[in-house]
Amino acid sequence: KPSDLSTLPPGVPEALEEEGVAELYPPQAAAVEAGVADGGSVVASVPTASGKTLIAELAMLSAVQHGGKALYIVPLRALASEKKTEFERWEEYGIDVGVSTGNYESDGEWLASRDIIVATSEKVDSLVRNGAAWVDDLTCVVADEVHLVDDSHRGPTLEVTLAKLRRVNPGLQVVALSATVGNADEVADWLDAELVESDWRPIDLKMGVHYGNAINFDDGSQREVPVERGEKQTEALVADALDERVEGQGGSSLVFVNSRRNAEGAAKRMAEVTSRRITGGEKADLRELAEEIRDVSDTDTSEDLARCIRKGAAFHHAGLASKHRSLVEDAFRDRLVKCICATPTLAAGVNTPARRVVVRDWKRYDGEFGGMAPLDTLEVHQMMGRAGRPGLDPYGEAVLLAKDRDTMDELFERYVWAEPEPVRSKLAAEPALRTHVLATVASGFATSREGLLDFLDRTLYASQTDDDARLAEVTDRVLEYLEVNDFLDREGGTLTATSIGHTVSRLYLDPMSAAEIVDGLEAAEAGRTSLRKSPAGRRPDAEAADAGEDDAATPEEAGFVTGSELADAAADEEEGGEITPLGLYHLVSRTPDMYQLYLKSGDKETYREEFYERENEFLGGAPSEFEDVAFEEWLSALKTARLLEDWASELDEDHITERYGVGPGDIRGKVETAEWLLGAAEQLSTELGLDSTVAIREAKKRVEYGVGEELLDLAGVRGLGRKRARRLYEAGIQSRADLREADKSVVLGALRGRRKTAERVLENVGRKDPSMDGVQKDASASAAAT
Ligand code: ADP
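According to this note's numbering, the sequence shown holds residues 71 to 856 in order.
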C-alpha cells in the first residue's frame, strides 16, 4: 500500500490513494522490495501500461525527501512537457519540477533550484558537456524506455550519458524503465541494478489475428467479425468494438499504420464508421472540439483533422502540432473520439488505452533493408500493450490482420507467440563514436587513448561484446578523423580538444557536421577572393574540373591575389561568390544533423534543374552528377534548403506543406534544426575569423521569424508574428522605430481591429502609452494590408 511507504514526502501516500492507487501493482511492489524507494538501483522490465511511471515517482520522491535531486530522462522531446505536467502535481508537497528543452547550448543553471528535472538524453548530454554544476548534485536518475539504447540514432547518446552520470556520481541511484525485452538481465548487469522482470498487466490482454470472418485469439477462442462486401477488415473491427456494449458503452479502437499518409487516409475511412455511432450530445461536443483543432493552425492538416474529429475519428502522427496531439489524446481518453489511426509514435509513452488495438501494418519501408521490412516484435508488443482500459473493459484485444492462412500462421509465430528481441548496444557505430569520443575528451572524462577505452568500457556495448578489439579499432579510426579535422590534438599520448573541438562539442554538433560547415564557409571565402578556386582540396574533382583550375587553393594561399584579380573577382560577383541564404540553408541541410526531405518521384528532375540554375549559390564543391549517391543527397539537401527558403520568404504554411509533402510539425522541426545549425555556423565562423558571420546571422534570423529581409526588424517584436508584421509593413510601418511613432489607428487597422493584440505589441516595442482606448481603426490601413 502507498501508506506503507515511509520514505515518501508527507501527504504523498494519501494523494496517491486518492488518485486510485489503492495498492501497488505487483511489479511496483517488487521494485519497492528491490529498494527503489530507498535509493536502490533497479531495472524494471514490465509490459506497457503496467505502471512504470509510478516506480520512477517512488524513487524520485524518496530521493528528494532525503535531500537529493532527481533527473527523469525521456526518449522524445514531445514527452518532456507531458511528464513535467504529470510530476507537477507533487508541487503542493514542496517538490519543484523543471523541464529542460530548447536549444542545446542554452544554459541550464536555473535548473539547480529544481528537485525533479525532465529532459531528453540529448539535452542531458549537452548539459554535461557544458558543465552544468547541478549535475554533480543528482542522486537519482530515471531512464524511461531504456530499451531504446538499441536505437542506432539515439541509443548511443543515452548509453554514454548514463555512463557519464554514473562516473561523475558514483553513488547514483539509477532506475531504468523498459518494455519487456529479451535480455533485461544484461541491462541490469550493466547498470549494477536489481532486476524486476514481470509480464503482469493490470488488465488481461488477448492477442489474435483476424482472418476470414473471425478473430482467432491466442487462448483458442474466436470472435466472429464478418467483413461485408466492399468493407475493409479494419473497418469491420472498429465497428464491431463500438457495437459491443459493455455497461452501455461501446469500445474505442487504436489503429496502427506505417506512415503518416496512411494514418490520415485510414482516419478518413474510420470517420465514416464512427459517425454512424455517435450520439446527439457527442455530436455537439465533437463540433466544438473540431473548432479548437482549427484554431491551432490554419493548415490543410488541421482542416483534415477537424473534419475527421467532427465524425468521431482522428489521426495522430509526429507531423501534427503538439497542441493537436494533446487535444486528440485527451478527447480519446474522455471517450469522445472513438478511433485513432496512428503511426507507432503513439505507442511509445503516451497513455492512451483503447478496448481494441488493430495493428494494420506490420511492415514498413526500410531504406537499409531495401524494401518493406517487418516490424520488431518489441515494437508490435508495445502497440498491442495499449489495449484494455483498466476499470472500463473486461479485457483488451490486440488484433493483427491476415488475408490468408499462411500469413495468419506467420503473424502468430512472429508476434503473438514470440518473445521480444534482446536489446543490443549500437555504440560501436562510427557516427555515434565520432560525437561521443570528442565530447568525452572535451569535457575531461578522458585524456588518453587508454583513458578513453577505459571510459567506454562502462557502456552497455562493452558489457555485451567479447570483442574488445573492435571497439578499440573504431575508436582509433574516429580519433584519426577528429585529429585530421583539427578537433583533437594528440601529442605524446595526451588527448586534448582544440579550441574548435571544444566549441563543436559544446554546440552539440556531430563533428562531421562541423567539418562540413567549416569546409563550406572556408570554400566560400576562398572562392570569393580567388575566382572560385576549389576548396581546400577536400573534394576537388567537380569544381576544379568546371573552373578549369587545379585544386591547390587553401584560404591562406587564396589570400595572395593581385589587384587585378581582385577587380575581376568583384566583377565576377554577379555570377557568384556572394553568400546567399539558400547557400547557407543548403550547407546546414547537407550535414548529418539535419534529416533531409526525401526525393519523391519527379523530384529528382525538379531539383536537378534548380541545382544548375542556382549552382553559384552553393558553398563548397558539389559532387558531379555521376556520383549517384552523393549527387542525390545533394539534391535532397537542396529540397530541404528550398523549404527553408520558402519559409523565410513568407510563403504560407499551407503552400509549403503541399509543395513539399510534409506536415506543419515538420516545418517547425526543420526550422528549429536550421536555427540551431546556423547558430552553430555563426559561432564557428566567428571563431575562425571568417567573413561570413553577418550573412549567417541574417539567414538565421530569417528562418527564425520566417520573413523576408525587410521585415527582420519588425518581426522581432514579441507577440507580433510574421503575418501581422507584413500587414504593418504594407500599411507603412516598416520598423520598430516606426511602430513606436505610428498613428494608433493605422496600427489597429493593420492588426484588423484587434485591440488587445495591438496594445501588447505596442507595449513590447517599448511604447509608453500603448492603450487603444477610444482609438478607431483606420480602414485604409486594413485595406492596404490585405
Ligand atoms: P507505463 O509507463 O508502464 O506504460 P503508466 O505508468 O502510464 O504505464 O501507467 C498506466 C496507468 O496506470 C496510469 O493511468 C496510472 O495512473 C495507472 N496506475 C499506475 N499504478 C497504479 C496502481 N498501483 N493502481 C492503480 N492505477 C495505477
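Built from N, CA and C at the ideal position, the CB exists for glycine as well.
On a predicted model such as this, the values are computed, not experimentally measured, just so you know.
How far does the beta strand (DSSP E) with residue i in it extend, from its first residue to its last?
| i | result |
| --- | --- |
| S323 | 323-326 |
| S115 | 112-115 |
| K433 | 433-436 |
| G300 | First-last for G300: undefined, no H or E at that position. |
| M664 | M664 -> no beta strand (DSSP E), and no H or E assigned at all. |
| R426 | 426-429 |
| G441 | 441-444 |
| I410 | 409-412 |
When the Cα atoms are used, what is the spatial distance from residue i to residue j?
| i | j | result |
| --- | --- | --- |
| E586 | G300 | 54 angstroms |
| M582 | S575 | 11 angstroms |
| V511 | E752 | 24 angstroms |
| A129 | L558 | 40 angstroms |
| D214 | E680 | 44 angstroms |
| V777 | D722 | 11 angstroms |
| E683 | A593 | 20 angstroms |
| R224 | L218 | 8 angstroms |
| V764 | D536 | 51 angstroms |
| D274 | T369 | 41 angstroms |
| Y95 | D259 | 25 angstroms |
| L228 | E192 | 8 angstroms |
| R767 | L577 | 16 angstroms |
| G321 | V845 | 55 angstroms |
| V366 | Q666 | 26 angstroms |
| V398 | K838 | 42 angstroms |
| S268 | P117 | 7 angstroms |
| P787 | S805 | The amino acid at residue 787 is misidentified as Pro; the sequence shows Val. Distance between the alpha carbons of V787 and S805: 10 angstroms. |
| E127 | F525 | 30 angstroms |
| L406 | Q452 | 24 angstroms |
| T344 | R403 | 16 angstroms |
For residue i, does the three-state DSSP call read helix, strand or coil?
| i | result |
| --- | --- |
| D761 | coil |
| I379 | helix |
| T545 | helix |
| F696 | coil |
| P581 | helix |
| L86 | helix |
| P460 | coil |
| V167 | strand |
| V450 | helix |
| Q534 | helix |
| V316 | strand |
| L821 | coil |
| A812 | coil |
| K847 | coil |
| S719 | coil |
| F515 | coil |
Kindly indicate the opening and closing residues of the alpha helix (DSSP H) around residue i.
| i | result |
| --- | --- |
| P97 | 96-103 |
| T123 | 122-135 |
| Y677 | 673-683 |
| G521 | 519-526 |
| I363 | 350-366 |
| A801 | Segment: none, A801 is in no alpha helix (DSSP H) and carries neither H nor E. |
| H656 | 651-659 |
| K670 | Segment: none, K670 is in no alpha helix (DSSP H) and carries neither H nor E. |
| E152 | 147-157 |
| E229 | 225-238 |
| E723 | 723-730 |
Looking only at DSSP bridge pairs, what is residue i linked to?
| i | result |
| --- | --- |
| H280 | I285, L471 |
| R293 | I285 |
| A858 | Examination of residue 858 is not possible in this model, given that the chain is present from 71 through 856 alone. |
| T566 | D559 |
| E68 | Since the first residue shown for the chain is 71 and the last is 856, residue 68 is missing from the structure and cannot be characterised. |
| P80 | Paired residue(s): none; P80 is not in a bridge. |
| L141 | I187, V211 |
| A333 | According to DSSP, A333 bridges with nothing at all. |
| L781 | Answer is none; L781 lacks a bridge partner. |
| H386 | A412 |
| G466 | L275 |
| query | Closer than 7 angstroms from C-beta to any heavy atom of the ligand ADP: which residues, in chain order? | reply | E89, G90, V91, A92, E93, L94, Y95, Q98, V116, T118, A119, S120, G121, K122, T123, L124, L247, P272, N421, P460
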